[in-house]
Ligand SMILES: Cc1cc2nc3c(=O)[nH]c(=O)nc-3n(C[C@H](O)[C@H](O)[C@H](O)COP(=O)(O)OP(=O)(O)OC[C@H]3O[C@@H](n4cnc5c(N)ncnc54)[C@H](O)[C@@H]3O)c2cc1C
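Numbering (the working numbering), first residue to last: 55 to 487.
Shown next, in the form of structure tokens:
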């Protein structure tokens with residue numbers, strides 16, 4: 055049995071491993087270094103293009119739970135990360151070079167993976183397409199032919215999204231500008247001192263992309279918040295942080311106001327209005343948590359300003375990551391709408407297992423909705439709202455049956471429920487690792 059995996063990133067590497075350990079010979083086609091992308095710098099497999107952090111290991115967080123599920127399902131990418139670990143407090147961070155080498159070594163140790171350094175431009179059967187946000191143009195054209203033009207997005211300028219429950223409601227308040235219409239926005243007020251400190255932090259924060267390769271129309275029409283800050287002391291106050299007409303319940307006016315708009319996610323999450331940004335992800339956490347009310351904000355997705363190719367997957371992909379109507383072609387990774395290094399690895403893991411099962415006549419798997427991995431499968435195949443690549447979050451899993459007051463306790467309950475559901479599922483379905 056031979057399968058092809060296109061793209062040797064987080065998703066493709068994991069998918070290739072899952073196929074190989076099940077006895078499938080895999081051609082893993084990675085175009086670097088023959089053809090490169092604007093952000094990759096090496097020829098290594100699973101190159102972390104920006105931060106070297108694979109995020110929190112706290113077992114009572116969605117990211118910690120994702121790691122537990124990857125471990126339970128035998129992930130090669132997670133194993134390579136643990137072998138390349140560098141100290142990073144409560145997070146799993148990696149030495150980039152060691153990490154990529156470990157990924158490659160684990161894959162080659164199966165004896166069934168051949169890495170082919172070439173750009174793939176056509177889609178053939180028994181394939182997983184895991185070419186990520188910077189999919190090459192020729193392949194993107196082939197994907198567009200398959201999906202239809204309206205389903206493949208190329209650019210993304212997105213503001214961060216934070217969970218509703220992480221917003222401090224003692225500080226943020228609902229109000230409509232001039233009291234007109236529904237008070238749909240949550241407003242985070244700033245005094246002059248807070249505003250100036252915030253502006254300085256924004257201007258000096260580290261960017262995600264050092265090379266300014268995305269200049270042009272998009273950049274001018276949709277300016278990153280840090281660029282707006284640079285345009286002058288008051289530029290943000292005349293733009294997205296405009297305070298006029300917004301008053302607290304006691305009638306108080308404010309120097310500047312950051313507005314949060316509710317996203318149509320399952321459990322209230324909020325978009326920071328006008329905050330499309332090119333800051334590195336850890337810098338977004340540091341700087342945006344200076345906004346009053348967002349000190350403990352949890353990010354469901356970070357802001358981005360870069361070329362981002364992704365599919366409008368609902369209606370095109372099944373929850374097992376295969377294409378509706380072309381069931382032996384699978385997609386995996388960020389191109390499907392899972393954002394983040396390990397989220398992409400998780401989708402590659404599921405797609406790899408499922409292509410094997412499809413090739414051998416078995417039933418494909420959709421993990422339980424309570425698991426963060428399964429919730430991503432549902433998100434990419436069923437979500438009816440404004441679809442965009444998304445990190446794992448307990449907000450994407452079904453609500454708990456009981457009301458739990460403390461936030462930490464609630465998260466722990468989500469995580470315990472997810473782990474129990476996966477354990478039962480693995481036993482029931484006989485998922486071999
Ligand atoms: C600028 C930038 C910064 C980011 N920062 C972070 C961050 O800090 N943390 C985080 O978690 N996520 C970050 N992301 C998101 C990150 O890209 C994903 O989390 C993750 O890399 C996606 O994994 P993937 O396997 O889907 O794609 P990738 O890891 O990008 O892998 C796709 C691979 O496919 C190859 N490829 C493309 N087209 C072809 C072709 N036609 N033929 C053969 N090979 C091809 C590419 O060379 C690449 O190696 C960032 C993304 C960008 C663009």
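By construction, the Cβ of each residue, glycine as well, lies at the ideal position given by its N, Cα and C atoms.
Which of helix, strand or coil DSSP assigns to residue 107: strand
Any non-hydrogen atom of ligand 1 within 7 Å of residue 134 CB: no
Residue 418 Cβ short of 7 Å to ligand 1 heavy atom set: no
Beta-carbon separation (whole angstroms), residue 365 vs residue 391, contact threshold 8 Å: 7 Å
Where residue 335 falls, given that 16 or more other Cβ within 10 Å makes a residue buried: buried
Neighbourhood of residue 110 by C-beta distance below 7 Å, restricted to the same chain and skipping five residues each side: 117, 118, 144 and 145
Closest residue to residue 281 among 465, 332 and 363 (Cα-Cα distance): 332
Residue 377 versus 201, 422 and 310, residue with shortest Cα-Cα distance: 201
For residue 328, the nearest candidate out of 295, 478, 469 and 132 (CA to CA): 295
Option nearest residue 322 by Cα separation, candidates 308, 240 and 399: 240
Inter-residue spacing [alpha-carbon to alpha-carbon] between residue 148 and residue 133: 11 Å
Nearest neighbour of residue 350, chosen from 449, 137 and 222 [CA to CA]: 222
Counted within 10 angstroms of its Cβ, other Cβ atoms place residue 96 as buried (16 or more) or exposed: exposed
Whole-number beta carbon distance between residue 480 and residue 244, since they are thought to touch under 8 Å: Actually they are not in contact, since the Cβ atoms of residue 244 and residue 480 sit about 49 Å apart, beyond 8 Å.
Any 3 or more C-beta pairs closer than 8 Å across the region 406-419 and the region 355-371: no
Residue 256 vs residue 283 beta-carbon contact at 8 Å: yes
Local conformation of residue 266 per DSSP, three classes: Residue placement at residue 266 is poorly supported in this model, since its pLDDT is 48, which falls under 50; the coordinates still yield a value, given next. Note: residue 266 maps to coil in three-state DSSP.
Stretch pair the region 78-90 + the region 170-179: three plus CB contacts closer than 8 Å: yes
beta-carbon residue 193 near ligand 1 non-hydrogen atom, thresh 7 Å: yes
Residue from 218, 62, 101 and 187 with nearest C-alpha to residue 168: 62
Contact under 8 Å by Cβ, residue 426 with residue 326: no
Assigned secondary structure, residue 272 (DSSP; H/G/I helix, E/B strand, else coil): Note that residue 272 has pLDDT 43, beneath the 50 cutoff, so the model's placement of it is unreliable and the number below is only indicative. Three-state DSSP puts residue 272 in a helix.
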